[in-house]
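K.L.:
Can you read through this structure? Questions will come right after.
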Amino acid sequence: MGVCFDCLVVVNGVPDIRACQRVVEPGDTIRFQWGAELPAAQPQKREAAGADHPGADHPGGERPDPAGPDPARPEPHARPPRSDEQSGGSRSAEGEAW
Amino acid sequence: MKVVVVGAGPAGMHAAVAAARGGARVVLVDSAPQAGGQYYRRPPGGTAALPHVFEELRRQPRIEHLPDATVWAMEAVPGGLHRLHVQQGPADAPGRRSMTIEAAALVLATGAYDRVVPFPGWDLPGVYTAGAAQALAKSQRVAVGRRVLVCGTGPFLLPVARSLLAVGAEVAGVLEANAPATCLRGWLRRPAHPWHHRAKAAELAGYAALLARHRVPYRPRTAVIAAHGTDHVEAVTTARLDPDWNPVPGSERRFAVDAVCVGHGFTPQLEPVIAAGCRTRGGFAEVDDRQATSVPGVFAAGELTGIGGADLSAAEGTVAGCAAARHLGHAPDPAREAAARRRVRHWRDFAAALAAAHPVRPGWQTWAADDTLVCRCEEVTVRELRDAVEHHRARGARSLKLLCRVGLGPCQGRICGRNATELADAFLRERGAPPLLDPDAAAKRPLAAPVRLADLATPPTAYEAQEGT
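Top to bottom, those sequences are chains U and G.
Heads up, the first sequence is in the working numbering, so the first residue is 1 and it goes up one at a time.
Heads up, the second sequence is in the working numbering, so the first residue is 1001 and it goes up one at a time.
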């Protein structure tokens, strides 16, 4: 478990979180992720990385992405785009990023 | 000067304890929130029936355990050291604690993950790896379905069925793809040590009694060859198999289930082994009788060296931990080390028999249809893979990737690498061409885990500086 990356979800506005690996925290906002997404410009909640982690005294928090519009691509199975996402973006763009 | 152990399953825990006992300082890096690996996976804070090694791990002052810590890259640095790049914090979160750790001796014990061969519908929600179903049951007490079929090959399917029953799922059956004759020949290949007879026969009897009590049928030479459903698994087609795993025509049957757990053996998590430049053999880390790899100061233990279960892993871990401590000039207890090496030799026989008894046979290649996905990340079908070989003349794993994008998605070929390689080899064989030139290319991943660009741009802190050493 943790190797296939098929279960990626958006947690508190941050995409690409493996649902099978992440432990839920009270107050987390979680939704499905359709294809490649950039982090929300205004995260719903601070992603306090390691806030309750032993020895983690580093500054947590996500970095709001300055890149602007969210080039979320439609899920390849032609699921209708949801109201909070835009269509567009190329299929290969994601692959190259890895 | 310290030993760094990567992975805190049975092998890594025993390696850390053995090295620390021998006098070395140890940093134990593990991606899970608590030590134990898949074998001792349990709900958060659970301590029921844990062996002594957990207690020793906690009390040993020379061991620093870093939980929730992912090694995403490794490099050799001057002076024979290995530098590990680590992120620590909640899984995949941005802004995790970012650090580098330098190891004078390294024990790699990252274990293995399930292999699943593709069949029509294997990408439907509700199809789980056997290991994932077990992990969810053990750590979160979640049953992946109400009526579940467990299929694949190997004795690991039995504890998976037990875990499912323990969380209230109905197990519709356990399907073992290999024929009893194959299994028997494998187990009789080597004269099994009495040790295995006693320990494993008792374990097997326990599983047989459990399945009988819950009226779970166990079917050899049978497999799930297709899963059906629109948004989720609703039913599966099973078939009888010949010894090469080709479905016997007319033997197909349909079962209504809402989840399927599949496990066709295991693939070792080789990234750190390859990153350290260690030699591999047959897809596993090559080690000598001290668990030393081909790179001085780097040791490997557990499923990385061959699939043999928790007992073999623990014994290999102890040997590797002692060897790592000695590499740093310490003097671990020779009697304890010799005893562990004896256990390794015994359990290696068991591992060899296991591999012979539960092979993955090439007939699985006939289960997939032309439009079955081989690579789920990049949505590459069997037909596209075949086109890359037949029309675009891919002759190596690298050109195969570039011609049809197989293995280039987020999982980096962890799920599809071996399947794609074996399918491509079969297509090449049909055309009388030699097999792929670089079959190991699928396992090369310079980044062992995805890293966010912002995190990559943030300079890491040296672990040594944080610790003041």
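No residue lacks a Cβ here, since even glycine has one placed at the ideal position from N, Cα and C.
Note that the structure is a prediction, hence the values are computed from the model and not measured.
Can you check which of these residues, A1179(G), P1247(G) and L1149(G), is closest to V1216(G) by C-alpha distance?
P.N.:
Mapped onto the second sequence, residue 1216(G) falls at position 216. Closest option to V1216(G), Cα to Cα, is L1149(G).
K.L.:
State the Cα-Cα distance for the pair A1104(G) and F1299(G), rounded to the nearest angstrom.
P.N.:
On the second sequence, position 104 is the one that residue 1104(G) refers to. On the second sequence, position 299 is the one that residue 1299(G) refers to. Taking the straight line joining both Cα atoms gives about 11 Å.
K.L.:
So which residues of chain U does R1376(G) contact, with C-beta pairs closer than 8 Å?
P.N.:
Residue numbering aside, residue 1376(G) sits at position 376 when the second sequence is read from its first letter. Here the neighbours are C4 and D6.
K.L.:
Evaluate V1174(G) with the Cβ neighbour count: other Cβ atoms within 10 Å of its Cβ, from every protein chain shown; 16 or more gives buried, anything less gives exposed.
P.N.:
For this step, residue 1174(G) is matched to residue 174 along the second sequence. With 16 or more other Cβ atoms within 10 Å, it is buried.
K.L.:
Report the CB separation of N1246(G) from T1366(G) in whole angstroms; it is logged as a contact under 8 Å.
P.N.:
Reading the second sequence from its first residue, position 246 is the one you call residue 1246(G). Reading the second sequence from its first residue, position 366 is the one you call residue 1366(G). Yes, they are in contact, since the Cβ atoms of N1246(G) and T1366(G) sit about 6 Å apart, within 8 Å.
K.L.:
Closest Cβ-Cβ distance between T1372(G) and chain U: below 8 Å?
P.N.:
One-based indexing of the second sequence puts residue 1372(G) at position 372. T1372(G) does not count as touching chain U.
K.L.:
Can you tell me which of G1250(G), V1224(G), R1253(G) and D1258(G) puts its alpha carbon nearest to the alpha carbon of E1234(G)?
P.N.:
Here the question's residue 1234(G) lines up with position 234 in the second sequence. With distances taken between Cα atoms, E1234(G) lies closest to D1258(G).
K.L.:
Would you list, in sequence order, the uninterrupted beta strand (DSSP E) runs of no fewer than 3 residues that lie entirely inside the stretch 1230-1312 of chain G?
P.N.:
Listed in chain order, they are 1235-1240, 1253-1256, 1259-1264, 1266-1268 and 1298-1300.
K.L.:
Take every Cβ of the stretch 1302-1319 of chain G, pair it with every Cβ of the stretch 1002-1015 of chain G, and state whether three or more of those distances are shorter than 8 Å.
P.N.:
Cβ pair count under 8 Å is three or more, so yes.
K.L.:
Against chain U, with Cβ distances strictly below 8 Å, would T1047(G) count as a contact?
P.N.:
Working through the second sequence from its first residue, we reach residue 1047(G) at position 47. So no, T1047(G) is outside the interface.
K.L.:
In angstroms, rounded to a whole number, what distance separates the CA positions of Y1463(G) and E1075(G)?
P.N.:
As a first step, residue 1463(G) is located in the second sequence; it is residue number 463 there, counting from the start. As a first step, residue 1075(G) is located in the second sequence; it is residue number 75 there, counting from the start. Using only the alpha carbons, I get a separation of about 15 Å.
K.L.:
Can you tell which of Q1140(G), A1172(G) and Y1207(G) has the C-alpha that lies nearest to the C-alpha of P1159(G)?
P.N.:
Within the second sequence, residue 1159(G) is the residue found at index 159, counting from 1. Here the closest residue by C-alpha is Y1207(G).
K.L.:
Do A1420(G) and V1360(G) count as a contact pair if the criterion is CB distance below 8 Å?
P.N.:
Indexing the second sequence from 1 puts residue 1360(G) at position 360. Indexing the second sequence from 1 puts residue 1420(G) at position 420. No.
K.L.:
Cutting at 8 Å between CB atoms, please list the residues of its own chain near C1411(G), excluding the five before and the five after it.
P.N.:
Taking the first residue of the second sequence as position 1, residue 1411(G) is located at position 411. Excluding residues within five positions, the ones whose Cβ falls inside 8 Å are R1376 and C1377.
K.L.:
Express the C-alpha separation of A1137(G) and R1398(G) in angstroms, rounding to a whole number.
P.N.:
As a working note, residue 1398(G) is residue 398 in the second sequence. As a working note, residue 1137(G) is residue 137 in the second sequence. C-alpha separation (whole angstroms): 38 Å.
K.L.:
Using DSSP with H/G/I as helix, E/B as strand and the rest coil, what is P1159(G)?
P.N.:
Within the second sequence, numbered from 1, the residue matching residue 1159(G) stands at position 159. DSSP places P1159(G) in helix when its eight states are reduced to three.
K.L.:
Run down chain U in chain order and give the residues with a C-beta less than 8 Å from the C-beta of A1132(G).
P.N.:
Translated into the one-based positions of the second sequence, residue 1132(G) becomes position 132. Here the neighbours are M1 and C20.
K.L.:
Checking 8 Å against the spacing of the C-beta atoms, do F1350(G) and G1308(G) come in under that value?
P.N.:
In the second sequence, counting from the first residue as 1, residue 1350(G) sits at position 350. In the second sequence, counting from the first residue as 1, residue 1308(G) sits at position 308. Closer than 8 Å, so yes.
K.L.:
Against chain G, with Cβ distances strictly below 8 Å, would D28(U) count as a contact?
P.N.:
Position 28 of the first sequence, counting from 1, holds the residue named residue 28(U). Not closer than 8 Å to any Cβ of chain G, the Cβ of D28(U) fails to qualify, so no.
K.L.:
For V10(U), go through chain G and note every residue whose CB falls closer than 9 Å to its CB, in chain order.
P.N.:
Here residue 10(U) corresponds to residue number 10 of the first sequence, with the count starting at 1. The premise fails here: V10(U) is roughly 11 Å from chain G at the closest Cβ pair, so nothing lies under 9 Å.
K.L.:
Quick one: is D1092(G) near chain U, going by C-beta distance under 8 Å?
P.N.:
For the purposes of this step, residue 1092(G) is identified with residue 92 of the second sequence, where counting begins at 1. Interface residue, yes.
K.L.:
Which residue's Cα is closest to the Cα of K1200(G): I1415(G), R1189(G), F1255(G) and W1347(G)?
P.N.:
Within the second sequence, the letter at position 200 stands for residue 1200(G). That would be W1347(G), whose Cα lies nearest to the Cα of K1200(G).
K.L.:
Where do the ends of the beta strand (DSSP E) carrying F1054(G) lie?
P.N.:
Reading the second sequence from its first residue, position 54 is the one you call residue 1054(G). From DSSP, F1054(G) is part of no beta strand (DSSP E) but of the alpha helix (DSSP H) over H1052 to R1059.
K.L.:
Measure from the C-beta of R1414(G) to each C-beta in chain U and report whether the shortest distance is under 8 Å.
P.N.:
The residue you call residue 1414(G) lines up with position 414 of the second sequence. Cβ-Cβ to chain U under 8 Å: yes for R1414(G).
K.L.:
Where do the ends of the alpha helix (DSSP H) carrying Q1140(G) lie?
P.N.:
Counting from 1 along the second sequence, the entry for residue 1140(G) is found at position 140. A1130 to Q1140 is the extent of the alpha helix (DSSP H) around Q1140(G).
K.L.:
Thinking A1015(G) and A1109(G) are a contact (beta carbons under 8 Å), I'd like their distance in whole angstroms, please.
P.N.:
The sequence position of residue 1015(G) within the second sequence is 15, counting from 1. The sequence position of residue 1109(G) within the second sequence is 109, counting from 1. Rounded, the Cβ-Cβ distance is 6 Å, consistent with contact.
K.L.:
CB P1090(G) to CB R22(U), shorter than 8 Å?
P.N.:
Your numbering for residue 1090(G) matches position 90 in the second sequence. Your numbering for residue 22(U) matches position 22 in the first sequence. A contact, by the Cβ cut-off of 8 Å.
K.L.:
Do R1213(G) and A1172(G) count as a contact pair if the criterion is CB distance below 8 Å?
P.N.:
Taking the first residue of the second sequence as position 1, residue 1172(G) is located at position 172. Taking the first residue of the second sequence as position 1, residue 1213(G) is located at position 213. No, these two residues do not count as a Cβ contact at 8 Å.
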